[in-house]
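**Q**
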Amino acid sequence: MFLSVFDMFKVGVGPSSSHTMGPMVAAGKFLDTLRASPFHFHGLRASLHGSLAFTGVGHATDRATILGLAGFEPASYDAEKAEAALAAIAETHTITVPGLPPLAFDPKKDLTFDFGPALPGHANGMILKATDAQGDVILQETYYSIGGGFVLTAAELADAGAGKARAKADVPYPFETADEMLAMAKSSGLTIAQMKLANELKFRTKAEIDKGLSRLWEVMNACISRGMVGEGILPGGLKVRRRAKGIHDALMAERGLNQTPPHTINDWMSLYAMAVNEENAAGGQVVTAPTNGAAGVLPATIRYWLDHVPGASASRVGDFLLTAAAVGGLCKHNASISGAECGCQAEVGSAAAMSAAGLCAVMGGTVMQVENAAEIALEHHLGMTCDPVKGLVQVPCIERNGLGAIKAVSAASLALRGDGVHLVSLDACIETMRQTGHDMHEKYKETSLGGLAVNVPNC
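Letter by letter, the sequence shown follows residues 1 to 459 of the UniProt record's numbering.
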């Protein structure tokens with residue numbers, strides 16, 4: 001199994017990797033399919049299913065789908081140009097993109113939310129169609145947004161389901177489980193980051209990897225900084241006020257005071273995470289880590305380490321990201337990172353495990369301690385539901401990232417206090433997450449039909 005660090009961490013746009021970035025990517029893939037087709041197309045249609053329908057408006061899924069069909073991509077998203085494009089499409093009922101004729105598309109008629117049963121492959125399903133001049137469908141494709149901005153067609157998803165029976169990935173250290181990762185580390189004498197780097201070098205040069213990792217941290221850190229000065233009410237109708245700036249101002253005012261209690265460090269961790277997720281909720285630029293809904297945990301953990309831990313060095317951020325990506329890959333490969341599939345344990349839980357592993361590694365932990373840190377963090381998120389109020393990535397998501405960062409740091413610290421030997425393995429914990437997600441009622445998996453979503457007034 002090989003999942004690149006640049007697949008796990010992707011620069012994109014909020015508020016959701018699965019409900020915003022994924023549909024935008026799927027629409028872009030559909031455009032490529034149309035360009036490669038011999039047919040002459042006249043119009044487009046789209047339907048959203050499962051969780052994409054139930055929480056689609058709150059996650060801007062409809063907007064993202066339209067923008068994807070208009071040629072926009074998450075990594076290069078320009079908010080001002082996007083608004084202009086949406087306005088033009090609403091007025092002209094036409095989408096114009098390079099390589100294709102003008103395509104008829106009325107957002108009010110040609111994009112539908114299907115609140116019936118979800119499509120069979122995944123809770124996040126969508127169908128894109130192209131029509132001829134008579135309005136008959138002459139090409140259609142089903143896409144699944146499987147979490148973290150990853151998108152598969154129905155055929156690709158079915159093919160992926162048989163993937164575990166295939167030969168291992170052609171990389172030096174093709175570990176598919178944590179146990180295999182530990183065994184390979186022991187036999188090679190390498191750290192997790194070193195093994196992950198060796199795998200990445202099969203596809204990119206060292207200079208390209210270093211540049212890419214630096215870019216990821218640059219975007220993450222910039223997101224924290226923007227969030228700490230942003231003010232106002234978040235969009236969506238809940239009237240949630242941004243809090244990060246107020247918390248930051250208060251913490252700065254208290255700096256140097258002898259009366260500051262030790263637990264105030266938790267407020268700094270929460271601040272960094274909440275700053276990211278307030279930016280995400282506002283539709284800003286974030287990095288999937290491993291998803292948008294959990295994007296604040298890992299940057300907050302890194303920022304805590306750099307700003308508050310003696311001896312921390314920015315030169316080790318790459319090792320942090322490589323280690324975290326290795327753990328995230330195990331979570332995705334053997335369970336899920338999708339809230340619509342396994343609840344928030346798959347998002348914030350996986351993010352906390354990744355962050356704990358990265359922090360433990362850069363603070364000198366052994367490979368066994370790193371695996372232990374990831375297990376502790378994930379274990380104490382097991383069973384966590386995904387129940388966003390009004391379908392928005394705001395309540396409880398923003399604060400949940402802060403608590404996820406605190407748990408990640410605590411897990412790393414506990415692991416560093418031990419020798420790495422522990423009763424519950426990371427593999428067992430990941431498998432438990434998979435089973436729990438399978439058993440979890442659908443209303444607790446990013447549909448906003450249960451939990452806080454129905455017990456908190458949302459208007």
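Every residue gets a Cβ at the ideal spot worked out from N, C-alpha and C, and that includes glycine.
1. Please report the straight-line C-alpha distance between H248 and E91, rounded to a whole angstrom.
2. Buried or exposed: where does L257 fall if 16 or more other Cβ atoms within 10 Å of its Cβ makes it buried?
3. Give a yes or no on whether the C-beta atoms belonging to A377 and A361 are separated by under 9 Å.
4. Apart from the five residues just before and just after P74, which ones in its own chain have a Cβ nearer than 6 Å to its Cβ?
5. What residues in its chain sit with their C-beta under 6 Å from that of A353, if we drop five residues either side in the sequence?
6. When the Cα atoms are used, what is the spatial distance from L382 to I406?
7. For I265, I'd like the list of residues in its chain whose CB is within less than 7 Å of its CB, leaving aside the five on either flank, ordered along the chain.
8. Quick check: what's the CA-CA separation for G293 versus P15?
9. How long is the line joining the alpha carbons of V367 and S188, rounded to whole angstroms?
10. Who are the near neighbours of L426 in its chain, counting only those whose CB is closer than 6 Å to its CB and skipping five residues on each side?
11. Beta-carbon separation of L111 and L34 under 9 Å?
12. Work out the CA separation of G58 and P102 for me, nearest whole Å.
13. Skipping 5 residues on each side, what residues in its chain have a beta carbon closer than 7 Å to that of N199?
14. For V454, which residues of its own chain have a beta-carbon under 6 Å away from its beta-carbon, when the five flanking residues on both sides are left out?
15. Is it true that the CB of G402 sits closer than 9 Å to the CB of M220?
16. Going by C-alpha distance, which of A295, V240, E231 and G149 is nearest K390?
17. Just checking my contact of A123 with G43 at CB under 8 Å: how many whole Å lie between their CB atoms?
18. Using the rule of at least 16 other Cβ atoms within 10 Å of the residue's Cβ for burial, across every protein chain shown, is R303 buried or exposed?
19. Going residue by residue through the UniProt domain "Serine dehydratase beta chain" (4 to 155), where are the continuous beta strand (DSSP E) segments of at least 3 residues, counting only ones entirely within it?
20. Using the C-alpha atoms, what's the distance from I138 back to R434?
21. On the DSSP letters alone, give me the boundaries of the beta strand (DSSP E) that Q285 sits inside.
22. Assuming the contact rule is C-beta atoms closer than 8 Å, G437 and Q345 should be a hit. Round their C-beta distance to whole Å, please.
23. Residues in its own chain within less than 7 Å of M384 by CB, not counting five upstream and five downstream?
24. State the Cα-Cα distance for the pair P396 and V276, rounded to the nearest angstrom.
25. Leaving out the 5 sequence neighbours to the left and right, which residues in its chain are closer than 6 Å to D132 when beta-carbon positions are compared?
26. Under a three-way DSSP split, which group does I337 fall into?
27. Taking only runs of the alpha helix (DSSP H) that begin and end inside the segment 300 to 363, which ones reach a length of at least 4 residues, in chain order?
**A** Let me spell this out:
1. 43 Å
2. exposed
3. no
4. G12, V13, M21 and M24
5. V327, A374, A377 and L378
6. 16 Å
7. H308
8. 7 Å
9. 12 Å
10. A178, E371, A374 and E375
11. no
12. 29 Å
13. F2, V171, P172 and Y173
14. none
15. no
16. V240
17. Not confirmed; about 28 Å, so no contact.
18. buried
19. 11 to 13, 43 to 50, 111 to 114, 124 to 131, 137 to 147 and 150 to 153
20. 38 Å
21. Q285 to V287
22. 7 Å
23. G343, C344, Q345, V348 and G349
24. 14 Å
25. H42 and I138
26. coil
27. 317 to 334, 339 to 342 and 348 to 362
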